[in-house]
Amino acid sequence: MMDGLGEGPLICWLGDDFTGSAAVMEVLAFAGLPAVLFTDVPEPALARRFAGARGVGIATTLRSEGPEEMRRQIAAPLRWLEGLGAPILHYKICSTFDSAPEVGSIGCAIEAALEVRPAVAVPMLTAAPGMRRYQAFGSLFAGLPEGVFRLDRHPVMARHPVTPMAEADLLRHLARQTALPGGLISLEDLAAGAEARVEALLAAGVRIISVDNMDAGTEAAAGRLIWGQRGRMGLVVGSQGVEYALVRHWQEAGLLPVAAEVPSAGAVAQIVAVSGSVSPVTKAQLDWAGGHGFALLDFDAAAVCGGEAALQQEEARLVRAALEAAGRGQSPLIHSAAGPDDPAVARFRAALAETGIAMGEANRRIGTALGRILDAVLRGTGLRRAVISGGDTSGHGMRALGLQALVALAPTIPGAALCRAHGAGAHDGLEIALKGGQMGSEDYFGWIRAGGGTR
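In this note's numbering, the protein residues as written are 222 to 676.
This is how it looks when you write it as structure tokens:
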């Protein structure tokens with residue numbers, strides 16, 4: 222495809238979780254810009270397989286780490302991405318700004334990223350209107366099937382088990398994580414042309430510039446601002462809203478033609494899915510799946526707080542149950558909880574309190590265990606399409622499968638595409654979707670079974 226954007230990588234990103242990292246890749250790929258997501262700094266031979274990519278990303282589990290561990294892990298992948306020479310280096314965060322001073326600190330990440338790519342200031346674009354994420358005068362709003370909510374009143378985010386959101390004003394929330402001064406490009410500023418406001422903020426010493434985004438017009442204006450300032454603000458923080466904004470600007474500026482619609486990957490009779498999400502959105506999806514050919518199998522998350530033998534026994538039990546379900550023609554769906562009010566959540570929290578295991582470590586164990594179960598069921602059934610639900614679960618699960626790279630295959634809802642995975646082991650070529658807990662339609666698991674595709 223010919224475009225007016227030259228050659229080589231346009232944007233490189235480091236994602237703080239796997240589902241969001243894959244969402245960036247799909248925005249670029251479905252706009253006609255080849256993109257790849259690696260699960261770690263790739264070996265040279267693997268990197269060469271994707272030498273023509275215009276977007277290159279690395280997924281991490283930084284969102285579930287404390288500041289000290291974030292600083293330890295972030296430098297190497299950022300330096301590798303920086304070495305690719307893309308004009309924009311993007312630290313990718315969740316579109317609901319999941320973060321806190323003690324876990325997944327976005328402020329800490331910005332400070333560390335500035336050491337790799339210095340910039341006079343860092344644009345921050347969190348909202349993505351196509352995903353029903355909106356920012357107005359600095360405050361973030363997010364949509365659910367029942368409506369749009371300010372983040373501190375959001376039924377999911379206000380009671381998030383790890384990073385509950387008590388403040389919708391993102392700069393106020395971020396001020397608890399970094400001393401870097403922040404400023405706002407508001408809807409009024411975007412309507413007036415934001416250049417003068419940018420200069421005023423820089424003159425005042427602002428280092429983080431939060432950008433409002435409500436609709437197609439403000440999205441294009443935000444993309445124009447980020448692309449136009451890339452020479453001195455080449456480090457950007459935000460959700461996949463960054464890529465949506467850039468693509469919209471490039472298309473409106475005539476630099477990138479509108480791509481053809483990507484079709485479904487085709488239906489299969491069965492898939493395998495695992496879920497570590499406690500979101501009410503995921504609960505509704507589990508309820509739908511249970512009535513449409515999926516076998517719902519409960520994973521006892523409290524087992525990760527016991528000894529290794531107990532966890533192995535729980536994994537073996539679920540593998541047997543999943544293989545039996547697949548033999549009956551069902552699609553196994555192993556899950557740790559059916560929403561936040563599932564009694565399993567209370568049992569898990571009680572086990573955490575009794576053993577003193579940190580939440581981040583427990584989440585790592587859950588994700589890895591679900592990944593091992595998924596690995597065994599895929600091998601035992603020969604099925605070649607899977608879903609991992611839950612941002613943290615996706616990262617640990619992907620690594621347990623030995624997968625090293627993803628490319629987008631077919632769209633579903635924005636941010637949860639069906640992908641093709643690459644790796645050196647048995648799962649090379651696996652079709653897999655990574656879904657954040659708050660993402661997807663009620664029939665999402667069925668949509669993946671049907672092969673995705675726009676509808």
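Glycine residues also receive a C-beta, built at the ideal position from the N, C-alpha and C atoms.
query: If Leu655 sits next to Val598, beta carbons under 8 angstroms apart, how far is it from one beta carbon to the other, in whole angstroms?
result: As a first step, residue 655 must be located in the sequence shown, where it is residue number 434. As a first step, residue 598 must be located in the sequence shown, where it is residue number 377. A Cβ-Cβ distance of about 17 angstroms is found for the pair Leu655 and Val598, leaving them out of contact under the 8 angstroms criterion.
query: Is it true that the region 429 to 442 meets the region 341 to 358, where meeting means three or more beta-carbon pairs spaced less than 8 angstroms apart?
result: As far as the Cβ criterion goes, the region 429 to 442 touches the region 341 to 358, which means the pair count is three or higher.
- request: Output yes or no for whether 9 angstroms exceeds the beta carbon distance between Leu507 and Ala334.
  value: The sequence position of residue 507 within the sequence shown is 286, counting from 1. The sequence position of residue 334 within the sequence shown is 113, counting from 1. For Leu507 and Ala334, no; Cβs fall outside 9 angstroms.
- request: Let me know the beta strand (DSSP E) ranges lying completely inside the region 588 to 645, each 3 residues or longer, listed in chain order.
  value: Entirely contained in the region 588 to 645, the beta strand (DSSP E) runs reaching 3 residues are, in chain order, 606 to 610, 624 to 631, 639 to 644.
- prompt: Which two residues bound the contiguous beta strand (DSSP E) that contains Gly278?
  reply: On the sequence shown, position 57 is the one that residue 278 refers to. Secondary structure note for Gly278: its beta strand (DSSP E) is the uninterrupted segment 276 to 280.
- prompt: Across which residues does DSSP place Leu357 in a beta bridge pair?
  reply: Within the sequence shown, residue 357 is the residue found at index 136, counting from 1. At residue 357 the sequence reads Ala, which differs from the Leu that was named. Ala357 is bridged to Ser360.
query: Does the region 611 to 621 touch the region 580 to 591, meaning 3 or more C-beta pairs lie closer than 8 angstroms?
result: Touching, yes, given that three or more Cβ pairs across the two stretches are closer than 8 angstroms.
task: Between the Cα of Arg380 and those of Ala442, Leu361, Asp562, spot the shortest distance and give me the residue it belongs to.
output: Locating residue 380 in the sequence shown gives position 159, counting from the first residue. Among Ala442, Leu361, Asp562, the Cα nearest to that of Arg380 belongs to Asp562.
field: beta strand (DSSP E) segments (min. 3 residues) lying fully within the region 226 to 314
entry: The DSSP assignment places complete beta strand (DSSP E) segments of no fewer than 3 residues inside the region 226 to 314 at 232 to 236, 256 to 259, 276 to 280, 309 to 313, in order along the chain.
Of the residues Ser316, Gln398, Ala441, the one placed nearest Arg353, counting alpha carbons only: Taking the first residue of the sequence shown as 1, we reach residue 353 at position 132. The shortest C-alpha separation from Arg353 is found at Ser316.
message: Less than 8 angstroms between C-beta atoms, sequence neighbours within five positions excluded: which residues of the same chain meet that for Asp436?
response: On the sequence shown, position 215 is the one that residue 436 refers to. Contacts found: Pro350.
message: The alpha helix (DSSP H) that contains Gly497, what's its start and end?
response: Taking the first residue of the sequence shown as position 1, residue 497 is located at position 276. Going by DSSP, Gly497 is part of no alpha helix (DSSP H) at all; its letter is neither H nor E.
query: If we count the other Cβ atoms within 10 Å of its Cβ and call it buried at 16 or more, is Phe358 buried or exposed?
result: Start at 1 with the first residue of the sequence shown, and residue 358 comes out as number 137. The residue is exposed, with fewer than 16 neighbouring Cβ atoms inside 10 Å.
- prompt: Rounded to a whole number of angstroms, what is the C-alpha to C-alpha distance between Ala583 and Gln356?
  reply: Sequence index remark: in the sequence shown, residue 583 carries index 362 (1-based). Sequence index remark: in the sequence shown, residue 356 carries index 135 (1-based). Here the alpha carbons of Gln356 and Ala583 stand approximately 33 angstroms from one another.
message: So Ala638 and Ala631 are supposed to be a Cβ contact under 8 angstroms. How far apart are they, rounded?
response: For the purposes of this step, residue 638 is identified with residue 417 of the sequence shown, where counting begins at 1. For the purposes of this step, residue 631 is identified with residue 410 of the sequence shown, where counting begins at 1. Rounded to the nearest angstrom, the Cβ distance from Ala638 to Ala631 is 7 angstroms, consistent with a contact under 8 angstroms.
message: So, under 8 angstroms CB-CB, Leu554 and Ala523 are touching, yes? Tell me the CB distance rounded to an integer number of Å.
response: Residue 554 sits at position 333 when you count from the first residue of the sequence shown. Residue 523 sits at position 302 when you count from the first residue of the sequence shown. Incorrect: roughly 20 angstroms between the Cβ atoms, too far for contact.
Distance CB(Leu235)-CB(Ala626) smaller than 9 angstroms: In the sequence shown, the residue the question calls residue 235 occupies position 14. In the sequence shown, the residue the question calls residue 626 occupies position 405. Their beta carbons are not under 9 angstroms apart, which means Leu235 does not touch Ala626 by this criterion.
message: In the DSSP assignment, the alpha helix (DSSP H) including Ile327 goes from what residue to what residue?
response: On the sequence shown, residue 327 is found 106 positions in, with the first residue counted as 1. Where Ile327 is concerned, the enclosing alpha helix (DSSP H) stretches over 327 to 337.
message: Measuring only the C-alpha atoms, how far is Arg445 from Gly414?
response: Your numbering for residue 445 matches position 224 in the sequence shown. Your numbering for residue 414 matches position 193 in the sequence shown. Cα to Cα, Arg445 sits roughly 10 angstroms from Gly414.
- request: In the DSSP assignment, find the beta strand (DSSP E) that holds Glu473 and state where it starts and stops.
  value: Here the question's residue 473 lines up with position 252 in the sequence shown. Glu473: not part of any beta strand (DSSP E); member of the alpha helix (DSSP H) spanning 462 to 473, first to last residue.
- prompt: Between Ala387 and Asp373, what straight-line distance do the alpha-carbon atoms span, to the nearest angstrom?
  reply: Along the sequence shown, one-based indexing puts residue 387 at 166. Along the sequence shown, one-based indexing puts residue 373 at 152. In a straight line, the C-alpha of Ala387 is about 5 angstroms away from that of Asp373.
Burial state of Gln659 (16 or more Cβ within 10 Å): In the sequence shown, counting from the first residue as 1, residue 659 sits at position 438. Label assigned to Gln659: buried.
field: Alpha carbon of Val493 to alpha carbon of Leu401, nearest angstrom
entry: Against the sequence shown, residue 493 aligns to sequence position 272. Against the sequence shown, residue 401 aligns to sequence position 180. Approximately 45 angstroms between the Cα atoms of the pair.
task: Could you check if Glu289 is buried or exposed, using at least 16 other CB atoms within 10 Å of its CB as the buried criterion?
output: As a position in the sequence shown, residue 289 is number 68, starting the count at 1. Residue burial is scored here from C-beta neighbours: Glu289 has fewer than 16 other C-beta atoms within 10 angstroms and is therefore classed as exposed.
- request: Name, in chain order, the residues that DSSP records as bridge partners for Arg371.
  value: Here the question's residue 371 lines up with position 150 in the sequence shown. Arg371 is bridged to Phe362.
- prompt: Since Asp238 and Gly612 are thought to touch, with beta carbons under 8 angstroms apart, how far apart are those beta carbons, to the nearest angstrom?
  reply: Here the question's residue 238 lines up with position 17 in the sequence shown. Here the question's residue 612 lines up with position 391 in the sequence shown. Indeed, because the Cβ distance is near 4 angstroms, the residues count as touching under 8 angstroms.
- request: Report all residues from its chain with a CB closer than 8 angstroms to the CB of Val540; omit the five preceding and five following residues, and keep chain order.
  value: The residue given as residue 540 occupies position 319 in the sequence shown. Here Val540 has Ile594, Ala597, Val598, Gly601 as same chain residues with Cβ atoms under 8 angstroms from its own Cβ, once five neighbours each way along the sequence are excluded.
message: Using DSSP's beta-bridge definition, name the partner residues of Met345.
response: Here the question's residue 345 lines up with position 124 in the sequence shown. Its beta-bridge partners are Ser431, Val458.
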